[in-house]
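Undergrad: Quick one: the structure is below, and I'll ask about it shortly.
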Amino acid sequence: MSGYTHGSPFDEGMLPVGSLHRMYYAQYGRENGLPDGGPGGGTKPSMTKFFDPCIYRVVLFDQRGTGNSTPSCELRENTTDDLLNDIETLRTHLKIDVWYMAFGGSWGSSLALLYAQDHPDRVKCLVLRGIYTFRESEVSLDAGRLFFPDALERFINWLPEERRSNDPRHEYIKLMMSKDKKVALAAAIEWNRYDLTISTLILRPNAFARLKDPKWNMEHALIFAHYWMNKFWREDGHILKPENMAKIKHLPCTIVQGRYDVVCPPVTAWELHRKWPRSKFYMTDSGHSASEPETQRRLVEVCDSFARL
């Protein structure tokens, strides 16, 4: 299935969160429908395509520092706990008693899992794609070395020879934090080029179109780098710890994972499934992106099946 088409949002706004940030949100679909929260990061209307607009009330939000949220690229008051608190603030603001579904992929899957573990009484089900639990083993460049050695070599060699290392991301972050905006943007673009290259099984002709957008480039690279540098403000393996998985063992969840996902290798999705009695697991012949045909079709089918419940 190619997914559903939604019209303009029936509601959107800027919600003050903390002392510095204003979070953008938009609601689509049916005003009194099943409330679905997600994803975070910088959203776009096409992310509503998984949900039947006659059934779902789809709530999209841009996490702090990204998308339409302001200020752009602000790292202060921008932690994992802040984002989780923002979801609760948004739920209260929209007068939603319980999210019917928490939906997310990649870092969005992390937020959905963390939120459900913190508020297991505020979520009825989860649909997750491209599972990411930010363990040290997941954030390494090992998968890139195995499957995209040419892209990784370009990523490393873009740096001056004296700055190259086994993990060049530290040097990229220094450049992205430069007061010289041209230097910072150039590093962000190259960071994102590598990320976009490994994100799909087959590169599309317009795969690098977003590299022409300075705002998106800085947000996408810098915000992730900020979280990565701070180890996501959680202990390694936090999400998969038995005591945390026990909090959500009663919730139904469907996991859709690309077998050839290099950004979030499928071993993590499989481990999550094995630890979650009420989870269903689908492996697709896809990479990381939610827009790859088999993954998109499966996600639409899963959301339709939850809607019938």
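Per the numbering used here, the sequence shown starts with residue 1, numbered consecutively. For each residue, glycine too, the CB sits at the ideal point set by N, CA and C. Since this is a predicted model, take the numbers as computed values, not measurements.
Tell me the DSSP secondary structure of Cys125 in three-state form.
TA: strand
Undergrad: Within 10 Å of its beta-carbon, does Cys73 have 16 or more other beta-carbons around it, so buried, or fewer, so exposed?
TA: In summary, Cys73 is buried, with 16 or more beta-carbon neighbours lying within 10 Å of its beta-carbon over all protein chains present.
Undergrad: By a C-beta neighbour count over all protein chains shown, 10 Å radius and 16 as the cutoff for buried, is Ile202 buried or exposed?
TA: Classification for Ile202: exposed.
Undergrad: From Lys218 to Ala188, what distance separates their C-alpha atoms?
TA: The sequence given here has Met at residue 218, not Lys. So the two alpha carbons sit approximately 6 angstroms from each other.
Undergrad: Go through its chain and collect everything with a Cβ distance to Pro35's Cβ below 6 angstroms, but skip five positions before and after it.
TA: Result list for Pro35: Arg57, Ile96, Trp99, Tyr100, in chain order.
Undergrad: Put Glu31 into one of helix, strand or coil per three-state DSSP.
TA: coil
Undergrad: With a floor of 3 residues, list each beta strand (DSSP E) that falls wholly inside the region 239-291, ordered by position along the chain.
TA: 253-258, 279-284
Undergrad: Considering only residues of the same chain and omitting the five flanking positions on each side of His21, which have a CB-CB separation below 6 angstroms?
TA: Arg64
Undergrad: Just how far apart, CA to CA, sit Asn206 and Trp216?
TA: Between Asn206 and Trp216, the C-alpha separation is close to 16 angstroms.
Undergrad: Which first and last residues belong to the beta strand (DSSP E) in which Trp99 is found?
TA: Segment 99-106, the beta strand (DSSP E) holding Trp99.
Undergrad: Use the C-beta contact count for Lys212: other C-beta atoms within 10 angstroms, 16 or more gives buried, fewer gives exposed.
TA: exposed
Undergrad: Is it buried or exposed, Ser69, if we count other Cβ atoms within 10 angstroms and call 16 or more buried?
TA: buried
Undergrad: Tell me which same chain residues have a C-beta within less than 7 angstroms of the C-beta of Leu185, skipping the five on either side of it?
TA: Pro214, Asn217, Met218
Undergrad: Measure the beta-carbon distance from Arg278 to Leu251 and round it to whole angstroms, keeping in mind my assumption that it falls under 8 angstroms.
TA: Contact holds; Cβ gap of about 6 angstroms.
Undergrad: For Asp369, collect the residues of the same chain with a Cβ closer than 6 angstroms to its Cβ; drop the 5 residues on either side in sequence, then sort them by chain order.
TA: Outside the displayed span of the chain (1 to 309) sits residue 369, for which this structure offers no information.
Undergrad: So, helix, strand or coil for Pro16, using DSSP?
TA: In the structure shown, Pro16 sits in a strand (DSSP, three-state: E or B).
Undergrad: How about Phe155 and Tyr194: do their beta carbons lie closer than 7 angstroms?
TA: yes
Undergrad: When the distance is taken between beta carbons, is His6 closer than 7 angstroms to Tyr28?
TA: yes
Undergrad: Leaving out five residues on either side along the sequence, give the residues of the same chain with a beta carbon under 7 angstroms from the beta carbon of Gly38.
TA: Ala102, Phe103, Gly104, Gly108, Ala112
Undergrad: Taking DSSP's pairing of strands, which residues face Gly37 in a bridge?
TA: Val59, Ala102
Undergrad: Compare the Cα-Cα distances from Thr284 to each of Arg210, Gln257, Leu222 and report the closest residue.
TA: Among Arg210, Gln257, Leu222, the Cα nearest to that of Thr284 belongs to Gln257.
Undergrad: Helix, strand or coil: how does DSSP classify Tyr132 here?
TA: Secondary structure at Tyr132: coil, using DSSP grouped into helix, strand and coil.
Undergrad: Lys49: buried (16+ other C-beta within 10 angstroms of its C-beta) or exposed?
TA: buried
Undergrad: In whole angstroms, what is the alpha-carbon distance linking Tyr260 and Tyr132?
TA: 14 angstroms
Undergrad: Can you tell me whether DSSP reads Asp11 as helix, strand or coil?
TA: strand
Undergrad: Three-state secondary structure (DSSP) at Met23?
TA: Met23 falls in the strand class under three-state DSSP.
Undergrad: How many Å lie between Trp276 and Leu240 at the Cα?
TA: 10 angstroms
Undergrad: First and last residue of the alpha helix (DSSP H) that includes His170?
TA: 169-176
Undergrad: Given a cut-off of 7 angstroms, decide if Gly42 and Asp11 are closer than it, judged by their beta-carbon atoms.
TA: no
Undergrad: Who are the Cβ neighbours of Leu83 in its own chain at under 7 angstroms, not counting the five residues just before and after it?
TA: Gly40, Gln63, Arg64, Leu111
Undergrad: Identify which residue in Leu299, Leu309, Arg308 has its Cα closest to the Cα of Tyr4.
TA: Leu299
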